[in-house]
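Report on the structure given below.
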């Protein structure tokens, strides 16, 4: 069957098996995925071979031919709290897989491990996480192991990320009370910040901050936000397909911004 592959820092769809256990105190998930779904069926392919990303690749990326196989995911969350102190969660998660190279036919390895919190108190929500990841590929001679090729959603060229790094994030949100405003039932303000520290000390860190609001008037949902960051792929990082991995691209180490507006319809 096809299930959602949750890594703690992003979602993909993959055929596999999930086991879930949930009660008022614990939420445990374990999943196994022998192969990733075909890249043309995934919204965001994650790591993938150059050949599979042929719709939006760049020629100098051709030597990167790694794809995850036999991935195992785990997530364990402890829940606690009450109406007086709020509802809270503290969790750990991990992921490990073979990283098969199509050229050498050798298997490298991939892993990620993280901790996370999620707290709700009255109308406030605070989330945080720290995740360390590593792609250890068996690339051909002369191909850098410091970079890993990542797919996008078909609109953005594929790009490189640092093969090892630590991602830290903190998100704060507040839900505004809404009464007597017709179909408008919820207004939620949020600020999300993330920081990627790359293992190579000569590569600049990536940062991104998003401030915005979501308006819910069923069946419609509207998001409006402002994002600024530097060395971030979605804000100019695809200029030359590097994702600012080495921070030597045009606009490297410069703060850039974008305004985002989304309209959703539920049915």
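In the working numbering, the protein residues as written are 63 to 329. For glycine and all other residues, C-beta sits at the position ideal for the given N, C-alpha and C.
Asked, Found
"Proximity of residue 230 and residue 197 at Cβ, strictly below 8 Å", "no"
"Extent of the continuous beta strand (DSSP E) to which residue 91 belongs", "88–97"
"Coil, strand or helix - residue 305 by DSSP", "For residue 305, the predicted model reports a pLDDT of 49, less than 50, meaning its position is unreliable; a value from the coordinates is still stated below. Residue 305 falls in the coil class under three-state DSSP."
"Of the residues 184, 213 and 95, the one placed nearest residue 126, counting alpha carbons only", "213"
"Cβ pair count under 8 Å reaching 3, the region 144–154 against the region 127–134", "no"
"Endpoints, beta strand (DSSP E) assigned at residue 269", "268–279"
"Spatially closest choice to residue 46 from 295, 275 and 141, by CA coordinates", "The structure shown does not extend to residue 46, since the chain spans only 63 to 329, so no value can be given for it."
"Cutoff 6 Å; reference residue 68; Cβ partners in own chain excluding five residues on either side", "With a pLDDT of only 35 at residue 68, under 50, the local geometry of the prediction cannot be trusted, and the value read off the model is given with reservation. Closer than 6 Å at Cβ, skipping near neighbours: no residue."
"Cβ-Cβ distance between residue 191 and residue 178 below 8 Å", "yes"
"Cutoff 8 Å; reference residue 88; Cβ partners in own chain excluding five residues on either side", "138, 139, 140 and 141"
"Pick from 279, 268, 278 and 285 that is closest to residue 295, judged by C-alpha positions", "268"
"8 Å Cβ cutoff met for residue 170 and residue 195", "no"
"C-alpha gap between residue 323 and residue 289, whole angstroms", "11 Å"
"Contacts around residue 255, its chain only, beta-carbon distance under 6 Å, and the 5 residues preceding and following it disregarded", "232 and 271"
"For residue 208 and residue 262, believed in contact at Cβ under 8 Å, the rounded distance", "6 Å"
"Sequence-distant residues of its chain with Cβ nearer than 6 Å to residue 328 (five each side left out)", "281"
"Identified DSSP bridge partners for residue 228", "194 and 259"
"Residue 247 versus 253, 277 and 221, residue with shortest Cα-Cα distance", "277"
"Continuous beta strand (DSSP E) stretch holding residue 326: start and end", "318–327"
"Through-space distance from residue 184 to residue 252, alpha-carbon basis", "15 Å"
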